[in-house]
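Here is the structure we will look at, set down as structure tokens.
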Amino acid sequence: AAAAAAIASIVQPTAEPTSNSDAEPVHLPAANLGPVAQPGRAMGGGRKKNPWEEKEIAALRNGMQRYDEHEKRRWTHILADAEFAPFLANRSNGDLKDRAKLLPKMHNGTNASKTGAADTGVSDTGAADTGAA
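Structural data, given as structure tokens:
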């Protein structure tokens, strides 16, 4: 019975709560809801754009040649490789993956793979390619 009384005193307070009508109201600082850019971040919440330099692109290309596209953790291996790490120190795995998607478009000169021009049998001049020389 004593244990039940102890539990009841914990669960139900013995004193009635008092009204705080005489107390001063608590003033909280207003929330700053305006846009504020944090250091290293763009206003949209993402990171600032960091344009790729040629040496970074070259390091990425060489890393992609060294590490097969079907290898697990390919981008992590490229970033950890002592040969490429100094050039890619400010890049993440996602940065490498995203740039790798753009590499064929950026450095082919023409984008024949997208248009299918290489498979049509028609040369750049528009003449039919007969295969005879």
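Numbering (my numbering), first residue to last: 920 to 1052. Even for Gly, the Cβ is constructed at its ideal location relative to N, Cα and C.
- When secondary structure is reduced to three states using DSSP, ARG985 falls in the helix class.
- In this structure ARG993 touches TYR986 by the C-beta definition: roughly 5 Å separates them, less than 8 Å.
- Residue pairing by DSSP leaves ARG992 without any beta bridge partner.
- Across the set PRO1023, GLY982, ALA1019, GLU988, the C-alpha of GLY982 shows the shortest separation from the C-alpha of PRO1005.
- Distances from the CA of LYS1016 to each of ILE976, ASP1000, VAL945, LYS967 were compared; the closest alpha carbon is that of ILE976.
- Remark: C-beta atoms of PHE1003 and ALA1019 do not approach each other more closely than 8 Å.
- Spatial neighbours of ASN1012 in its own chain (CB-CB distance under 8 Å, excluding positions within 5 residues in sequence) are listed in chain order as TRP994, THR995, LEU998.
- A straight-line Cα-Cα distance of about 17 Å links LYS968 and LYS974.
- C-alpha of LYS991 to C-alpha of GLY965: approximately 27 Å in a straight line.
- With fewer than 16 other beta carbons inside 10 angstroms of its own, LEU1022 counts as exposed.
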